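Residue numbers (the working numbering): 574 to 889.
See below for the structure under consideration.
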């Protein structure tokens with residue numbers, strides 16, 4: 574099975590899929606075990622004491638103990654040792670997972686926008702929403718936001734990172750296996766926050782390099798009559814003012830780059846499958862598929878929508 578079609582449905586933090594997530598998973602397990610043990614001990618002692626030492630009829634006042642140095646040392650010392658140990662584990666995990674970016678070139682620059690993800694790679698490859706990364710090696714993500722605060726997070730990848738307008742943040746990842754992983758924006762960013770999903774396609778280095786090379790190329794426009802009509806209509810209706818199709822006159826940067834849109838599996842940040850039916854619905858009425866999306870609605874005839882869909886579906 575090609576690595577680009579394996580789908581990892583489990584997005585729990587307890588199913589780590591990166592080296593960084595494994596570090597955080599271990600820390601979480603330590604905390605869960607310790608806190609569970611403390612909870613059981615405290616509740617158990619409370620129940621035991623409540624029954625063992627409850628007041629009996631005609632019982633005189635019990636002996637009052639005002640100082641027990643050994644007990645006090647134990648009750649302070651044990652929590653101090655536990656907190657110190659977990660402080661050490663936390664600092665160590667932070668050191669192991671936080672990015673050191675001096676003189677490092679990012680693998681991809683990802684910009685969060687309402688409500689989609691823009692990805693630019695060295696060499697000219699550009700995509701949207703479906704982020705391709707190599708597996709089994711460390712990659713550096715450069716994360717930024719164009720409008721409001723967003724938050725990059727795939728639970729199975731471990732660390733999440735805020736994306737703040739005017740601020741550049743970085744995140745190291747080492748994805749352990751090829752496959753397709755999902756997440757979502759983790760900071761409320763407006764009406765379609767819940768529809769701002771993330772899809773990461775981790776590939777072998779060979780397949781990743783092939784994808785980079787193919788997606789750095791401009792669009793190849795077929796000589797098919799309907800496709801040519803769609804290209805003309807796309808240009809005539811100013812679609813290129815918002816969208817870019819490299820190799821044509823369309824060079825907008827407001828909406829997603831559409832140069833190789835036919836190679837993507839989904840539309841609208843993963844909300845619907847990428848097929849002609851959904852492309853037709855999207856062009857005909859964007860708000861019906863994703864209320865609040867910034868794409869305006871244009872009034873087209875049925876034939877006009879058909880040639881536009883044929884054109885976009887040919888962009889591989």
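The beta carbon of each residue, even a glycine, is placed where N, CA and C say it ideally should be.
Bear in mind that the values here come from a model prediction, so they are computed numbers and not experimental data.
query: On the three-state DSSP scale, how would you describe residue 783?
result: Correct three-state label for residue 783: helix.
- prompt: If you check the beta carbons only, do residue 891 and residue 771 fall under 9 Å apart?
  reply: Absent from the model: residue 891. The displayed extent of the chain is 574 to 889, so no value can be given.
task: Return helix, strand or coil for residue 674, following the three-state DSSP convention.
output: Residue 674: coil per DSSP, three-state reduction.
query: Under a three-way DSSP split, which group does residue 766 fall into?
result: Shown here, residue 766 sits in a helix according to DSSP, grouped into three states.
message: In whole angstroms, give me the CA-to-CA distance for residue 763 and residue 720.
response: Cα atoms of residue 763 and residue 720: separation of roughly 11 Å, rounded to the nearest angstrom.
field: Coil, strand or helix - residue 701 by DSSP
entry: Residue 701: strand per DSSP, three-state reduction.
Limits of the unbroken alpha helix (DSSP H) element including residue 803: Under the DSSP assignment, residue 803 falls in the alpha helix (DSSP H) whose first and last residues are 798-809.
- prompt: Where does residue 738 sit, in a helix, a strand or coil, going by DSSP?
  reply: Residue state, collapsed to three classes: strand.
query: By DSSP, does residue 754 sit in helix, in strand, or in coil?
result: DSSP places residue 754 in strand when its eight states are reduced to three.
task: Work out the CA separation of residue 598 and residue 605 for me, nearest whole Å.
output: Looking at the two C-alpha atoms, the distance is approximately 10 Å.
message: Please report the straight-line C-alpha distance between residue 812 and residue 724, rounded to a whole angstrom.
response: Roughly 29 Å between the two C-alpha positions.
- request: Would you identify the three-state DSSP class for residue 629, choosing helix, strand or coil?
  value: Here residue 629 sits in coil by DSSP.
query: Helix, strand or coil: how does DSSP classify residue 610 here?
result: Helix at residue 610.
- prompt: If you count every other CB in all the chains shown that lies within 10 Å of the CB of residue 589, and 16 or more means buried, which is it?
  reply: Looking at its Cβ environment, which holds 16 or more other Cβ atoms inside 10 Å, residue 589 is buried.
- prompt: Rounded to a whole number of angstroms, what is the C-alpha to C-alpha distance between residue 742 and residue 672?
  reply: When rounded, the distance between both Cα atoms is 9 Å.
message: Can you find the residues in the same chain that come closer than 6 Å, C-beta to C-beta, to residue 666, ignoring five residues on each side of it along the sequence?
response: Counting only Cβ-Cβ distances below 6 Å, and skipping sequence neighbours, we find 596, 600.
message: Spatial neighbours of residue 616 within its chain, please: C-beta separation below 8 Å, excluding the five flanking residues on both sides.
response: The beta carbon of residue 616 sits closer than 8 Å to no other beta carbon from its chain once the five residues preceding and following it are set aside.
message: I need the DSSP call for residue 747, collapsed to helix, strand or coil.
response: Look at residue 747 here: in three-state DSSP terms it is strand.
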